[in-house]
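Participant: Residue numbers (my numbering): 402 to 1334.
Can you read through this structure? Questions will come right after.
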Amino acid sequence: MEDAQENPAESSSSAPVSEEPASLARGSQVLPPEESTVCPRPLEAAPKKLCGYLSKFGGKRPIRGWKSRWFFYDERKCHLYYSRTAQDANPLDSIDLSCAVFDCKADAEEGTFEIKTPSRTITLKAATKQAMLYWLQQLQTKRWEFHNSPPAPPAAPDAVLAGNGPALRLELEQEETELEEFLCPVKTPPGLVGMAAALQPVPAMPLALQNLSIKHLGTEIQNTMYNIRGNKQTQGTGQGPPGEDSSPSKEPQREEQPPDPRVPGKDPGDSPKPTPKFSLTANLNQKAKRHNNTFPLFTEGLTRNRTAHEKVLALEQQVLMLTKELKAQKELVKILHKALEAAQQEKRVSGAYLAAEDKDRLELVRHKVRQIAELGKRVEALEQERESLLQMASLREQQVQELQQHVQLLMDKNQAKQQVICKLSEKVTQDFMHPPHQSPTPPEEASRDFLSQQEKMEHLKDDMEAYRTQNRFLNSEIHQVTKIWRKAAEKEKALLMKCAYLQAKNCQVESKYLAGLRRLQEAMGVKAGECSELLRQLIQEALQWEASEASAESVMLSPISEYDEYGFLTVPNYEVEDLKLLAKIQALEVHSHHLLAHEAVEQPLRERWAALGKLAPSAELKQLLRAGVPREHRPRVWRWLVHLRVQHLQAPGRYQELLTRGQACKHPAARQIELDLNRTFPNNKHFTCPTSSFPDKLRRVLLAFSWQNPTIGYCQGLNRLAAIALLVLDEEESAFWCLVAIVETIMPADYYSKTLSASQVDQRVLQDLLSEKLPRLMAHLGQCHVDLSFITFNWFLVVFADSLISNILLQVWDAFLYEGTKVVFRYALAIFKYNEEEILRLQDSLEIYQYLRFFTKTICNSRKLMNIAFNDMNPFPKKQLQQLRIVHRERLEAELHELEQFKAEYLETRASQGSLVPEGCTSEDEGEVEAEG
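Have a look at this one:
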């Protein structure tokens, strides 16, 4: 336990005494080590309320020290309230036990323990060690009851509590049994807790003023006035303390009334403003009426059914207490008199200033200016002193840390010494029982040595027992706090999942609302009128709505941001209003699917990737790549996949060599590269921001590749492939080798050549696969004379870089870099399958082409698309793909050969005809001659 002297501000906290439940009433006194293995359960019932006197360390110099306080536990709030005496009407402050931990140390003063909350540390001291252990055990139990008690139901509390009661009692009994494994229950200290403690005299303090709370001076004054008034009423009526003759039938109701929730938490600065004298009596009467609503263990409840002798003792105790309070109030009055004299002196000086002439006033002003200058210098000096003190404080903190480390070493040494002492004590005992043959020593000296050794052994046994008790309690505290933390973590996780689910549902509802607006707009067409104007207004509001505005007064787990994690616009900025609406719907759908899949899919996937060790080709890795790589693992996985593809091409310094060659000589493709840089991903902030470094990186990567592969040089589409690699890998050289891997090892040859022959072959292969897998769709497109190659050609050329939203696009690339072009075919078929029903509804070729322009951006459910690609499209043998490519390549080459023959025949015919000019026409040369003439 931290020393109270090390916590000058936070340690000024209260020592609580709380109600103990019947479940924890079972307790026994702390037994010696040899008897502590059995925990007898006393038959006495536990006191109903947990309350009593404890000493609390706090205050400010020169009255800093231990203060006697009365503590009372409130079960509803799990707060421990404290006041100066049990008879006070209002508590001084409270301690929140719901998030507190308890600590005690064997080397501290006997009976001292700590309550540590997130905001402060409260140092308390009980009268005995047994009382301290009792308080700690009871506070642990109260905290556990609060965390495991069901929330108060809105209606029919008896029925609900009756249903939850047995389960709650069983859980508390289990927890009690577990705690008993660490530390046996402590017997209730007689006269130190409960109702009996309130009847005891208030613990005396050396100085009456020392026991006052300057921090809560307003509350102290209110309590003192109430006690004085109650004492006057008692003397005037000749009866006992207030409330003694009150109806006994009201007593149970008073005891059941909890503390006033407004009182414990109020700040001293919120003390009531001074009221006129005529309202003072009314206020005191109101406080008297609320007396039982604050602490149900005060005078009215304590003085009932007492003998005359007890009443006399109680009154004498009140007289002593009020005498001490009177002395303290006199000292307070003296302080207030001094303050009043200072204020009057200031008033006289101000009056003299106002009554003086202009010359005197000027002199006074000059005098004040000099004082201000002196005070300014003092402030500067104090600031310098403050800085030096801060430096000293930092040095002190370092010294404290070093001392703490030293203390820890000493504690380790002490523990080792304790073990040595135990062994030596056993040896000494054996030597006394079986002394060796030695020369006889004088009886007196031998007796003194024996007594000193026996005394040392007793001290060591006491220390051992203290450390053993401390260890048992700390183990029980760690055990219970861990269980509370786990329960809180489970509750937090459940609430986060519920919030994510509700947020996803909200996104779905909003997307349906926007879709409804769009359909209504289409149905109305160009009709004018109030409804059309209202519809346009609603659509405009929906487009301008931002998640940040909606979350101004509510909690949003993950609002829709303007850009995603790779810099792409979540809601593309289309010029056409209809497309804007579709983009907003798509963004909401994506967000909804992400929230719903986060806990169910993404979190287990992240755990599987985190548990995956060294990467190696395997069936498990294949399935993980198809499911998608989490963002934190993607750069590492992609580097490994690229290295797997180009390890036979890589050479140290190759990239820098290509850059140097590009600087020395300008490549013919440099101009086209420069033109395409500004066209690369206009919806990505990394390539549109003027200060971004990505365009320069992309330029260098493309120039290096143009020198790496002169047969291709540069082809439109390579800029998008390199840009995706840069966004994920971030390093130029890694992005360069990724581009090399795609063009030279994954894609077929001539895919990016001038003729794009391999790309044309794949389009014909895709047509055959669509006819096989989706015959209804292909028949419908054939009837409408729709050529899909206008749409799909770019898919294959840039691997969907312009088509899919970023999270689905990168999931496609994860599998593509490992499995190759077969993944592109799978996802192309899956995209048409995903939207098959929507396309079949369209009957006009123009509508179909308009829909195919953006329909890939409407795909939001990545899990559904992946299942279609890798499950619904099966069987999908690679051998079939290769055979189709061979067949269509032969056909394409034959067509190209035939085309070349037509071209040659045309050129021959053209050449045979020569430069003949029809009659009536002049040649170009003749026209020039006539013009010159």
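For glycine and all other residues, C-beta sits at the position ideal for the given N, C-alpha and C.
Remember, it's a predicted structure, so these values are computed and weren't measured experimentally.
Within 10 angstroms of its Cβ, does Tyr1307 collect 16 or more other Cβ (buried), or is it exposed?
Facilitator: Exposed.
Participant: By how many angstroms is the C-alpha of Gln1251 removed from the C-alpha of Ile1074?
Facilitator: If you take the alpha carbons of Ile1074 and Gln1251, they lie about 30 Å apart.
Participant: Over the uninterrupted alpha helix (DSSP H) stretch that includes Thr589, give me the two end residues.
Facilitator: Where Thr589 is concerned, there is no enclosing alpha helix (DSSP H), given that its DSSP letter is neither H nor E.
Participant: DSSP three-state label for Asn1268, please.
Facilitator: It is helical.
Participant: Quick one: residues in its chain with C-beta nearer than 7 Å to the C-beta of Ala1105, no 5 flanking neighbours on either side, listed in chain order?
Facilitator: These residues qualify, in order along the chain: Tyr1056, Leu1059, Leu1060, Gly1063, Phe1137.
Participant: Does DSSP put Ser848 in a helix, a strand or coil?
Facilitator: Here Ser848 sits in helix by DSSP.
Participant: Could you name the residues of the same chain whose beta carbon sits closer than 6 Å to that of Thr870, not counting the 5 residues immediately before and after it, in chain order?
Facilitator: So the list is empty, once near-sequence residues are dropped.
Participant: Given that a residue counts as buried once 16 or more other Cβ atoms are within 10 Å of its Cβ, and exposed if not, what is Val594?
Facilitator: Answer is buried; the Cβ neighbour count reaches 16.
Participant: For Ser680, which residues from the same chain have a beta carbon less than 6 Å from its beta carbon, with the 5 sequence-adjacent residues on both sides left out?
Facilitator: Here the model assigns Ser680 a pLDDT of 43, short of 50, so the residue's position is not dependable, and the following value carries that caveat. No residues qualify anywhere along the chain.
Participant: Straight-line CA distance for His1034 to Asp965?
Facilitator: When rounded, the distance between both Cα atoms is 17 Å.
Participant: According to DSSP, is Leu562 part of a helix, a strand, or is it coil?
Facilitator: In this predicted model, Leu562 has a pLDDT of only 40, less than 50, meaning its place in the structure is not dependable enough to derive any value.
Participant: When you compare the region 1004-1012 with the region 1185-1199, are there three or more beta-carbon pairs, one atom per stretch, that lie closer than 8 Å?
Facilitator: No, because fewer than three Cβ pairs between the region 1004-1012 and the region 1185-1199 fall closer than 8 Å, the two stretches do not touch.
Participant: Please look up how many angstroms separate the CB atoms of Val1166 and Leu1241, rounded, as I've assumed it's under 8 Å.
Facilitator: With a Cβ gap of about 23 Å, Val1166 and Leu1241 do not count as contacting.
Participant: I want to know whether the region 1030-1048 touches the region 1081-1089 - three or more CB-CB distances under 8 Å.
Facilitator: Counting Cβ pairs under 8 Å, fewer than three are found: no touch.
Participant: Please name the residue, chosen from Leu1253, Arg1072, Leu1078, that lies closest to Phe1191 on a Cα-to-Cα basis.
Facilitator: If we check each option's Cα against that of Phe1191, Leu1253 comes out closest.
Participant: Skipping 5 residues on each side, what residues in its chain have a beta carbon closer than 7 Å to that of Phe1194?
Facilitator: Hits under 7 Å: Ser1160, Gln1164.
Participant: Please state the DSSP three-state secondary structure of Phe1201.
Facilitator: Of the three classes helix, strand and coil, the one that applies to Phe1201 here is coil, per DSSP.
Participant: Using only CA atoms, which one of Leu1230, Asp1215, Glu476 lies nearest to Arg1027?
Facilitator: Of the candidates Leu1230, Asp1215, Glu476, the one whose C-alpha sits nearest the C-alpha of Arg1027 is Asp1215.
Participant: By the three-class DSSP mapping on this structure, what secondary structure does Ile1260 have?
Facilitator: If DSSP states are grouped into helix, strand and coil, Ile1260 belongs with coil.
Participant: If you draw a straight line from the C-alpha of Lys814 to the C-alpha of Asp864, how long is it?
Facilitator: Cα to Cα, the separation comes out at about 15 Å.
Participant: So, at 7 Å on beta carbons, what are the nonlocal neighbours of Glu758 in its own chain, with the 5 sequence-adjacent residues on each side left out?
Facilitator: Here the set comprises nothing.
Participant: Please confirm whether Leu776 has its beta-carbon closer than 7 Å to some beta-carbon of chain C.
Facilitator: Of the chains in the structure shown, none is chain C; there is only one protein chain.
Participant: Buried or exposed for Arg663, going by 16 or more other Cβ atoms inside 10 Å?
Facilitator: Residue placement at Arg663 is poorly supported in this model, since its pLDDT is 39, which falls under 50; the coordinates still yield a value, given next. The residue is exposed, with fewer than 16 neighbouring Cβ atoms inside 10 Å.
Participant: When you compare each of Glu1220, Tyr1152, Lys725 to Asn1335 by their alpha carbons, which one comes out closest?
Facilitator: Examination of residue 1335 is not possible in this model, given that the chain is present from 402 through 1334 alone.
Participant: Which term fits Tyr754, buried or exposed, when burial requires 16 or more other beta carbons within 10 angstroms of its beta carbon?
Facilitator: The residue is exposed, with fewer than 16 neighbouring Cβ atoms inside 10 Å.
Participant: If you draw a straight line from the C-alpha of Met1148 to the C-alpha of Ser1135, how long is it?
Facilitator: Their backbone Cα atoms lie some 18 Å apart in a straight line.
Participant: Nearest to Ala1123 by alpha carbon, out of Pro1111, Ile822, Ala1142?
Facilitator: If we check each option's Cα against that of Ala1123, Ala1142 comes out closest.
Participant: In whole angstroms, what is the alpha-carbon distance linking Ser499 and Cys505?
Facilitator: Using only the alpha carbons, I get a separation of about 18 Å.
Participant: Terminal residues of the continuous alpha helix (DSSP H) containing Phe1255?
Facilitator: Note, Phe1255: alpha helix (DSSP H), 1246-1255.
Participant: Straight-line CA distance for Glu878 to Ser1204?
Facilitator: Computed Cα separation, rounded: 58 Å.
Participant: Assess, as a yes-or-no matter, whether the region 843-854 is touched by the region 881-895 under the definition of 3 or more beta carbon pairs within less than 8 Å.
Facilitator: No contact exists between the region 881-895 and the region 843-854.
Participant: Quick one: what's got a C-beta closer than 6 Å to Gly666's C-beta in the same chain, skipping five residues either side?
Facilitator: Confidence in Gly666 is poor, its pLDDT being 40 and thus under 50, which makes the residue's placement unreliable; the coordinate value appears in the next sentence. Hits under 6 Å: none found.
Participant: Using a Cβ distance threshold of 8 Å, determine whether the region 1258-1278 contacts the region 1223-1232, with at least three qualifying pairs required.
Facilitator: The region 1258-1278 is in contact with the region 1223-1232.
Participant: Which one or two residues does DSSP pair with Glu515 in a beta bridge?
Facilitator: BP columns for Glu515 point to Asp504, Thr524.
Participant: Which word fits Pro555, buried or exposed, when buried means at least 16 other C-beta atoms lie within 10 angstroms of its C-beta?
Facilitator: Any reading at Pro555 is ruled out, since the residue's pLDDT is 46, under 50, leaving its predicted position unreliable.
Participant: Give the straight-line distance between the Cα atoms of Ile822 and Leu810, rounded to the nearest whole angstrom.
Facilitator: C-alpha separation (whole angstroms): 18 Å.
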